[in-house]
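In what follows, a structure is listed as C-alpha cells, so that the remarks can point back to it.
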Amino acid sequence: MKGVGAAFGLFVVLSCALLYGAGGAASGKPNIIVLIGDDLSPREFPQYDTGNWSSTDEETTDELKFRAKTPMLDKIAKEGIFFDKAWATPIAQQVEELPPSPLSDFQIVGAGEDENGNREFVNKDTGKVEPGARAQRSYTWLPPVLLFNPPNEDGQLVCHPNTEETKAAYGKGTYGPDVDMEVTKQFMETCADEEKPFFLYATSRIGHKAYDFNNQQVDTWSPTPKLWFNPNGGVTESRNNGTKGYGKDSRNKQKGPHVQMFIYAPGMNMTKQGRSNEFVSFVDIVPTVADLMGASDLLDGYELHGQSQYPYLFGEAENHSREYNFSFQTRSTGHKQLIRCSYVMKVAERDGTTC
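In case it helps, mature numbering (1 follows the signal peptide of the UniProt record, and there is no 0) puts the sequence shown at residues -24 to -1, 1 to 331.
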C-alpha cells in the first residue's frame, strides 16, 4: 500500500502527472497515471524565467506578488528535466484526445441543428433552448461521472452514484474533483490489493486560472498539503494549453499550444537533467509509456505521430527524435494549423513558410 499512498499524493499535488512505479521497461510493468491540467502557460512558472506572467485579472505583469511559488516543481526542474519546446493545442478538448490517440490530425464532427439547419443547444435540466450556450456538462457541482469496470459491478460502464452510500451522498453539494479523487483512490487500492499494475488517464476538472492561496479571498483554494516523493516513482507535469487571457484559444505564434512539461523519475535512472531545448509533443506520451511498460509491440500496425522519449530520457540518445512540433485549432472561423521547427514557425493567422 505504500506505492498507492505515494501515487495518490502526487495525484493531489500536480494537476497533470505521469507516474511510474519501481523499475523501467526492462525490470517490470510500472503503475502509470496520466493527468492533464488546465490553462497555464510556461511563463507562469519561475523555472522558465520569462520575466513576466499573468496577474489575477488576466493582465501581463512583472510584479513578484503575482509570480507562482512552486517548490515541488523547483525540485523536479533541478533533479529531473523540463522542456521549453513542449506543445499541445490551443484548446483543452482537442488536447485531451492527443495522449490516448497519439495522432496529431483530426476530423470535424457534425453539430446539432434545428429544422431550419441552424445550430442550437438545449439545457438538459430545463429542456429549453439556451441562446449563446456552448456544449458542456457540469464538471464541478452535481457532476456526471461514468465509471469503467468499477468493483462489484456486472456492467463495464456504470453511472455514478452507483452504491447506496454514494447515492445517499449525491446532490447539489457533490463536488466533481472530490468524486474523481474518491473513485481514483478506490481504483488504485483495488489494483494494489489484487497485485495488478494499473493505468489511469484523467483530465482535471479544476484549473482555468492562476490563483494565489489566500483563504480570505473569494474564488481561491487552500494550499495543498506537504507531500513527499516515492524514490521509485516518476512524474511528468504539463497542461493542455496556455493561460486564459494570454495563450488559451490563441493562434498567435505559439501562445496557445506552448505548455510546460516537467519529468522526474528519481528511481528509474534518467540520463538527462535540467532544461532541455528538444521538441516534445503530447502525442509522444503513448509511445513513451509503451516503452516504459515494455509493451511497444502493442503499437505495431497502429498509426503513430508520437515519438517515444524513452531513448532520450533513459538511454544514451543525445537528442529526442522529434524534429518539429505540429498543432491545430478548429473553430467556427475555420481550421488552423501551426508548425514549428528549429528555424521557422508557421503562424495560424497567416500564410508562412513551413519546415
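Glycine included, every Cβ here is placed at the ideal spot set by N, Cα and C.
Beyond the five residues adjoining it in sequence on each side, S257 comes within less than 6 Å, by CB distance, of W63, N301 in the same chain, given in chain order. Judged by beta-carbon spacing, L118 lies beyond the 9 Å limit of C135, meaning their Cβ atoms are not closer than that value. Remark: C-beta atoms of G277 and V262 do not approach each other more closely than 9 Å. Our two residues, C167 and V159, have alpha carbons roughly 12 Å apart in a direct line. Ranking G243, L49, T26 by CA distance to the CA of E39 puts T26 first. If you look at D38, you'll find it isn't in any alpha helix (DSSP H); DSSP assigns it neither H nor E. In summary, V320 is exposed, with fewer than 16 beta-carbon neighbours lying within 10 Å of its beta-carbon over all protein chains present. A Cβ-Cβ distance of about 16 Å is found for the pair M237 and F290, leaving them out of contact under the 8 Å criterion. According to the DSSP secondary-structure assignment, H234 is paired through a beta bridge with W63. Ranked by how close their Cα comes to the Cα of K45, the residues E34, G56, Q23, M164 have Q23 in first place. In the DSSP assignment, G250 is bridged to I57. Under the DSSP assignment, F124 falls in the beta strand (DSSP E) whose first and last residues are 121 to 124. In this model, D130 and P287 are separated by some 41 Å (Cα to Cα). The C-beta separation of F304 from T65 comes to about 6 Å, placing the pair in contact by the 8 Å criterion.
Under the DSSP assignment, V134 falls in the beta strand (DSSP E) whose first and last residues are 133 to 136. D15 is the residue among I9, I8, N7, D15 whose C-alpha sits nearest the C-alpha of V235. A241 counts as buried, since at least 16 other C-beta atoms from the protein chains shown sit within 10 angstroms of its C-beta. In this structure, the alpha-carbon of Q230 lies about 22 Å from that of A53. Closest option to G149, judged by alpha-carbon separation, among T116, Q162, L275: T116. Leaving aside the five residues that flank R316 on each side, the residues in its chain whose CB is nearer than 7 Å to its CB run, in chain order, Q230, Y300, N301.
According to the DSSP assignment, G310 belongs to no alpha helix (DSSP H) but to the beta strand (DSSP E) extending over 310 to 316.
Per DSSP, L280 is not a residue of any alpha helix (DSSP H), being assigned neither H nor E. Contact annotation, W29 with E20: C-beta distance approximately 5 Å; criterion of less than 8 Å satisfied. For T160, the enclosing alpha helix (DSSP H) stretches over residues 152 to 169.
Residue environment analysis places R43 among the buried positions, since at least 16 neighbouring C-beta atoms fall within 10 angstroms of its C-beta.
Secondary structure at F290: helix, using DSSP grouped into helix, strand and coil. In this structure, N7 keeps its C-beta atom at 9 Å or more from the C-beta atom of M246. In this structure, DSSP gives F258 a helical state, which the three-state scheme calls helix. Residue burial is scored here from C-beta neighbours: P173 has fewer than 16 other C-beta atoms within 10 angstroms and is therefore classed as exposed.
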